[in-house]
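Here the structure comes first, spelled out in structure tokens, and everything after it is commentary.
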Amino acid sequence: MQHRERDYCDFFPNILKPLKAMHNRIRFFLSVSCLSFMTMNATATEEAKVPSILTVAVMDFDSPDERGAAASSLLTALLSTNELLHLVERVDLARVLAESEIAMTSGANGDEAMKVGHLTGAKAIITGRIFKVGDREYMVGKCIGTETGRVFGHAFDYETGGDFTASVDALSRALAETLTTRSGELLAKVETPEERLERLRKAVGGEENLPTVYVAIPEQHLTRQVPDPAAQVEIQVTLQNLGFTLVDRAEDAVYVVSGEAFSERAGQHGNLVACRARLEIKITSSRTREIKVDRQTSVAIDLSEHIAAKSALQEGGRLISERILPFLVPKKN
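Just add 106 to wherever you are in the sequence shown, counting from 1, and you've got our numbering.
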């Protein structure tokens with residue numbers, strides 16, 4: 107019996123050695139898998155902690171004197187202290203409005219707000235006016251959703267010659283509450299990728315023989331060239347999913363989509379970095395030589411500056427890809 111046990115002990119190590127090695131490899135594999143899973147969970151948790159931040163542009167208030175501009179400047183400064191709001195810089199806003207010859211007043215409608223949203227990336231526009239009735243002055247401010255046209259207003263009054271800044275402060279608190287608690291009404295309903303694709307398929311009329319398209323939109327973030335342009339890819343993905351044929355040479359395309367895009371750091375909210383992207387495109391028809399131009403400014407916020415920049419560029423590409431469809435697939439008379 108002892109002799110047989112020694113035989114087994116001499117024999118089993120030859121079998122157990124490879125099994126032991128395999129066991130060690132399995133333990134290593136499981137350790138790596140668990141580590142990867144924990145990392146993915148940590149990343150997902152980190153991403154889930156990124157709050158939704160609303161981009162807002164404040165226009166000069168209508169006023170018979172300089173208090174209109176002063177109210178807008180003070181209101182911008184007060185709202186910028188709210189971590190859930192990202193304010194468009196007033197210098198950039200003035201430049202965009204001057205270039206586009208848009209004059210936003212307190213009576214602005216949803217269409218005008220939408221134009222400003224396209225050019226600045228703002229999801230909400232604040233306009234207002236200051237006027238006098240009897241011995242009292244009134245300050246009225248309203249916020250307009252650039253995607254929905256939804257309007258919310260607030261009004262405060264004070265004695266003529268009274269504390270002007272106190273009314274601006276009260277208005278800023280009222281507007282901040284509206285912007286943060288009712289943002290769901292100011293913003294358009296978030297579509298799933300499938301819902302968006304179905305809507306765009308209806309927009310192109312279910313065409314089977316869609317034209318070939320070539321897309322080339324180089325990008326830059328600050329002074330760094332971007333190797334994988336997000337706006338270009340987003341446009342290509344949209345067109346590809348709708349059934350367009352993408353080609354890699356402009357000579358082979360019926361339509362050529364060209365342009366340029368850039369992104370830049372636009373500010374920081376705690377650990378979150380805001381980036382703004384500008385996308386300008388030109389579409390040329392090789393058949394008629396007709397062209398169409400468009401532009402879009404978008405803002406995105408993330409823990410990573412580069413991811414925020416990419417997200418802003420991607421959002422710009424997503425929005426423009428929808429607006430160019432009527433040019434690529436004209437409606438038949």
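Here a beta-carbon is modelled for each residue, glycine too, at the ideal position from N, C-alpha and C.
### Message
Considering only DSSP beta bridges, list what Met245 is partnered with.
### Response
According to DSSP, which records beta bridges pairwise, Met245 is partnered with Ile236, Phe262.
### Task
Count the other C-beta atoms from every protein chain shown that fall within 10 angstroms of the C-beta of Asn347, then say buried if there are 16 or more, exposed otherwise.
Flag for Asn347 reads exposed.
### Query
Between the C-alpha atoms of Met165 and Leu316, what's the straight-line distance to the nearest angstrom?
Approximately 42 Å between the Cα atoms of the pair.
### Message
Could you compute how far the alpha carbon of Glu396 sits from the alpha carbon of Gly311?
### Response
Roughly 22 Å separates the two Cα atoms.
### Message
In this structure, how does DSSP classify Ile341 when only helix, strand and coil are distinguished?
### Response
Helix at Ile341.
### Cβ distance (whole Å) where Ile232 is taken to contact Leu281 below 8 Å
Your pair Ile232 and Leu281 checks out as a contact, with CB atoms roughly 6 Å apart and the cut at 8 Å.
### Message
Quick check: the Cα distance between Ser178 and Gln402, rounded to an integer number of angstroms?
### Response
Those two C-alpha atoms are separated by around 25 Å.
### Message
Can you tell me where the beta strand (DSSP E) holding Thr254 begins and where it ends?
### Response
No beta strand (DSSP E) holds Thr254; DSSP gives it neither H nor E.
### Ile407 (DSSP reduced to helix, strand or coil)
In this structure, Ile407 counts as strand in the three-state DSSP scheme.
### Task
Please name the residue in Glu366, Lys388, Ala372 whose C-alpha comes closest to that of Gln326.
Of the listed residues, the one whose Cα sits closest to Gln326 is Glu366.
#### Entry: Own chain residues within Cβ distance below 6 Å of Ser427, not counting five before or after
For Ser427, same chain residues with a beta-carbon under 6 Å away, outside a window of 5 residues either side, are Ile341, Thr344 in chain order.
### Query
For the candidate residues Met220, Gly423, Thr286, whose alpha-carbon lies nearest to that of Ala337?
The shortest CA-to-CA distance from Ala337 to any of Met220, Gly423, Thr286 is the one to Gly423.
### Query
Hey, quick one: how far does the alpha helix (DSSP H) through Ser273 stretch, first residue to last?
270 to 287 is the span of the alpha helix (DSSP H), which, as asked, contains Ser273.
### Query
Hey, would you say Glu253 sits closer than 7 Å to Ala294, going by beta carbons?
Yes, Cβ-Cβ distance for Glu253 and Ala294 is below 7 Å.
### Message
Here's the rule I'm using: 16 or more other beta-carbon atoms within 10 Å means buried, otherwise exposed. How should Glu421 be labelled?
### Response
Under this definition Glu421 is a buried residue.
### Task
Check whether the region 367 to 383 touches the region 407 to 420, counting contact only when three or more Cβ pairs, one atom from each stretch, lie closer than 8 Å.
The region 367 to 383 is in contact with the region 407 to 420.
### Task
Using 10 angstroms around the beta-carbon of Ser410, count the other beta-carbons present and answer buried if the total reaches 16, otherwise exposed.
Ser410 is classed as exposed because its beta carbon has fewer than 16 other beta carbons within 10 Å across all chains shown.
### Query
Just to confirm, are Ile389 and Phe350 a CB contact at a threshold of 7 Å?
With respect to Phe350, Ile389 sits apart: the two C-beta atoms are not nearer than 7 Å.
### Message
For a test of the three-state rule: what should DSSP assign to Gly422, helix, strand or coil?
### Response
In the structure shown, Gly422 sits in a helix (DSSP, three-state: H, G or I).
### Message
Taking CB distances under 7 Å as the criterion, tell me whether Asn315 reaches chain D.
### Response
Reference to chain D is not applicable here, since this structure consists of a single protein chain.
### Between the CA atoms of Leu193 and Leu199 - distance to the nearest angstrom
Counting only the Cα atoms, Leu193 lies some 10 Å from Leu199.
### Best match in Ala228, Phe258, Val222, Leu225 for proximity to Gly234 [C-alpha to C-alpha]
Comparing Cα-Cα distances from Gly234 to each of Ala228, Phe258, Val222, Leu225, the minimum goes to Phe258.
### Message
Just to confirm the assignment, what range does the beta strand (DSSP E) spanning Leu316 have?
### Response
Counting along the chain, Leu316 falls outside any beta strand (DSSP E), and DSSP gives it neither H nor E.
### Message
Among the candidates Val321, Gln374, Arg201, whose CA atom is the shortest distance from the CA of Tyr361?
### Response
Ranking Val321, Gln374, Arg201 by Cα distance to Tyr361 puts Val321 first.
### Query
Which value, in whole angstroms, describes the spacing of the CA atoms of His412 and Pro324?
Computed Cα separation, rounded: 16 Å.
### Query
Is Lys398 near the ligand NAP, going by C-beta to nearest heavy atom under 6 Å?
The ligand NAP is not part of this structure, which contains no ligands at all.
### Task
Give me whichever residues DSSP pairs with Val399 in a beta bridge.
Its beta-bridge partners are Lys388.
### Query
If we ignore side chains and look at the alpha-carbon of each, how far apart do Asp408 and Ser158 end up?
Straight-line Cα distance between these residues: approximately 10 Å.
### Query
Does the Cβ-Cβ distance between His260 and Gly247 come in under 7 Å?
Inclusion of His260 and Gly247 in the CB contact set at 7 Å is warranted, their separation being smaller than that value.
### Task
Would you grab the beta carbon distance between Ala359 and Thr318 for me? Rounded to a whole angstrom, and I think it's under 8 Å.
Ala359 to Thr318, Cβ: 5 Å. Contact.
### Query
Mind checking Val239: buried by the 16 CB within 10 Å criterion, or exposed?
Looking at its Cβ environment, which holds fewer than 16 other Cβ atoms inside 10 Å, Val239 is exposed.
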